[in-house]
Each structure stands twice: as structure tokens, then as C-alpha cells.
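Down below is the structure, laid out as C-alpha cells.
Residue numbers (my numbering): 3 to 55.
Rendered as C-alpha cells:
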């Protein structure tokens, strides 16, 4: 989590490269959360985790 906080601080300071570093760090976690959420949906759901992210 410290990495994300540092990157967010760099983004806030105007570092344009920092935003490109942030996405890979948060994407995996967002996809995991979306997958977990979709598992609780009714059978037959056609939406995929990637579409939610």
C-alpha cells in the first residue's frame, strides 16, 4: 500500500510518469474484487470481471 500512496503523492506533485505506474498496481486488485463480486451474482450472468474494471 505504501507504493500506491507514494505514487499518488507523485501524481499530486505533477509527475506525469506516476500515473502510468499506478494502473498496474491497482488493476489486479480491482479485477480480483470484480471477480469476487460476480461470483455472488445469479447463475447465467454474462458480464465479466474485466468489463467491470
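The beta-carbon is built from N, C-alpha and C at its ideal position, and this holds for glycine as well.
Local Cβ density within 10 Å of residue i, reported as buried at 16 or more and exposed below that
| i | result |
| --- | --- |
| residue 9 | buried |
Residues near residue i in its chain [Cβ-Cβ closer than 7 Å; skip 5 each side]
| i | result |
| --- | --- |
| residue 55 | 29, 32, 33 and 36 |
| residue 20 | 9, 12 and 13 |
Own chain residues within Cβ distance below 8 Å of residue i, not counting five before or after
| i | result |
| --- | --- |
| residue 27 | 5, 6 and 9 |
Alpha helix (DSSP H) segment containing residue i, residue limits
| i | result |
| --- | --- |
| residue 54 | 51 to 54 |
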